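**Q** For the protein sequence lines, the chains are V and D, in the order given.
All residue numbers for the first sequence refer to the UniProt record's numbering, where the first residue is 1 and numbers rise by one.
All residue numbers for the second sequence refer to the UniProt record's numbering, where the first residue is 1 and numbers rise by one.
Number of protein chains: 2
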Amino acid sequence: MPKIVDHELQKTKVAEATWRVIQKHGIEQASVRNIAEEAGISVGSMRHYFSTQSELLSYSMKRVSERVSQRIYDTVFSGDLMQDIPSLLHEVLPTDNEKRLEMEVWFSFVVKSLSDDSLRTLRHQVDDELRSIFVTVFNGLSEGQLLLPGLDFAIEVERFYAVLDGLAIHAVMRPERVTPEVMVAVIKRHLLSLCQPDVHSMAQKPDSNAKKEQPRDT
Amino acid sequence: MPKIVDHELQKTKVAEATWRVIQKHGIEQASVRNIAEEAGISVGSMRHYFSTQSELLSYSMKRVSERVSQRIYDTVFSGDLMQDIPSLLHEVLPTDNEKRLEMEVWFSFVVKSLSDDSLRTLRHQVDDELRSIFVTVFNGLSEGQLLLPGLDFAIEVERFYAVLDGLAIHAVMRPERVTPEVMVAVIKRHLLSLCQPDVHSMAQKPDSNAKKEQPRDT
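Here you go:
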């Protein structure tokens, strides 16, 4: 009797093995051979699912993106945007080991895609999805009449999205400085800075576990 | 008579060849052999200067960092911080092809360093230098009594630095959306948002070449 193989399960094993190889050894080591070994399956079986390394990387990146979307979908929202927006962004930022791995895979994929045109479409798709979170955030704040008057939406979407990805890359580089508490404090501070003063007084004070840095000379 | 070789010139050629190889083919192709070929020198001569690939990458990254520092040093400042801070950050952001190449090399180096411990010290050093720009910015704004009262310096330094690196990675990924004009507008807007209202009225309105994005449903 032929072995019954759960193809989706196999592909998931491969995706997870790819993430681990990228994190441990860098994306340049994410060869079909190395990933087959990490996943504990034969190179032949791998080729059944993915005929090129780019296909394999794209699939693994899509699975990262799906995992983030699923977590956002599963987040229970309170209806208070001042709580819900930080909760939403907490699911994207590298606030634990799993999310840190996702973020390392994402940045590795971005850098790889700069010299591999076959990855460009997916890079743009994931970037569009992440950016659309901020369009949704601004629509919510606008509908709730929470925003300061006169904001330029296009510029504010880019600015908030830049805060997210900048924090993410800094947290990946310097987890001892850009801790989950610092990330949450920066996000809350940014959100409050966009809103009317009466929201400031209603909202809790932003977390500030980080030590105050006093101005220094020069 | 032996050939007289200008070693500094040779090393500069190697650094520039490394940047080009990284940009064209990705950091995984930045092997001693490929870079020697791109630089038009022998593998033997390369080994005279750099005995490992990590040394070669570190040297090339240091040269990127020196180039950025030199440009900052050469910038002519007006004394008006509302003009000078955007000018300063303009020299770091990928606002032209040369700076875009530097930024691509920096992000490639960051990602590579996550799985190559020998590159960690230099990664931290460059990160510290970039972050220190924002400590200087806040010190200047504070001494000029331009800042809003009650700001948490530690959080604000992380936030402004995140805006810079987030914009930089988005501009590298999506130059058609995150144009130099958008980057400058975001930086000016962020700077003004930190300052007292009388600075707002004195300062020019931020550039806003980007089209307004109206709130959409969902």
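Ideal Cβ positions, reconstructed from N, Cα and C, are used throughout, including at glycine.
For clarity, every value in this text was computed on a predicted model and none was experimentally measured.
1) Is any beta-carbon of chain D found at less than 9 Å from that of residue 82 of chain V?
2) With DSSP run on the structure shown, which of helix, strand or coil describes residue 147 of chain D?
3) What does residue 101 of chain D reach in chain V if we use C-beta pairs closer than 9 Å?
4) What are the start and end residues of the alpha helix (DSSP H) that includes residue 109 of chain V?
5) Is there a Cβ from chain V that is less than 9 Å from the Cβ of residue 170 of chain D?
6) Go through its chain and collect everything with a Cβ distance to residue 15 of chain D's Cβ below 7 Å, but skip five positions before and after it.
7) In chain order, what residues of the same chain have a beta carbon less than 7 Å from the beta carbon of residue 178 of chain V, not counting five sequence neighbours either side?
8) Hey, how far is the Cα of residue 30 of chain D from the Cα of residue 21 of chain D?
9) Rounded to the nearest angstrom, what separates residue 109 of chain V and residue 73 of chain V at their Cα positions?
10) From residue 68 of chain D to residue 133 of chain D, what distance separates their C-alpha atoms?
11) The UniProt domain "HTH tetR-type" (8-68) of chain V: which residues have C-beta closer than 9 Å to a C-beta of chain D, in chain order?
12) Should residue 98 of chain D be flagged as near chain V, meaning a C-beta pair shorter than 9 Å?
13) Is there a Cβ from chain D that is less than 9 Å from the Cβ of residue 198 of chain V?
14) Pull up the distance between the alpha-carbon of residue 12 of chain V and that of residue 113 of chain V, whole angstroms please.
15) Mind checking whether residue 121 of chain D and residue 57 of chain D have CB atoms under 9 Å apart?
16) Taking its Cβ as the centre, do 16 or more other Cβ atoms sit within 10 Å of residue 75 of chain V, making it buried, or is it exposed?
17) Using a Cβ cut-off of 9 Å (strictly closer), state whether residue 110 of chain V contacts chain D.
18) Hey, which unbroken runs of the beta strand (DSSP E) at 3 residues or more fall wholly within the UniProt domain "HTH tetR-type" (8-68) of chain D?
19) Within the continuous alpha helix (DSSP H) that includes residue 160 of chain V, where are the two ends?
**A** Walking through what the data contain:
1) Answer no: the Cβ-Cβ gap between residue 82 of chain V and chain D never drops below 9 Å.
2) strand
3) Near residue 101 of chain D there are no residues of chain V at all, since even the closest Cβ is about 11 Å away, more than 9 Å.
4) Following the DSSP letters along the chain, one finds residue 109 of chain V inside the alpha helix (DSSP H) bounded by residues 97-113.
5) Output row for residue 170 of chain D: interface = yes.
6) 59, 60 and 63
7) 167, 170 and 171
8) Whole-angstrom Cα-Cα distance: 6 Å.
9) 24 Å
10) 12 Å
11) 22, 23, 24, 25, 26, 27, 28 and 29
12) So, not an interface residue.
13) It does not; no Cβ of chain D falls within 9 Å.
14) Straight-line spacing of the CA atoms in residue 12 of chain V and residue 113 of chain V works out to 22 Å.
15) no
16) exposed
17) At least one CB atom of chain D sits nearer than 9 Å to the CB of residue 110 of chain V.
18) none
19) For residue 160 of chain V, the enclosing alpha helix (DSSP H) stretches over residues 153-173.
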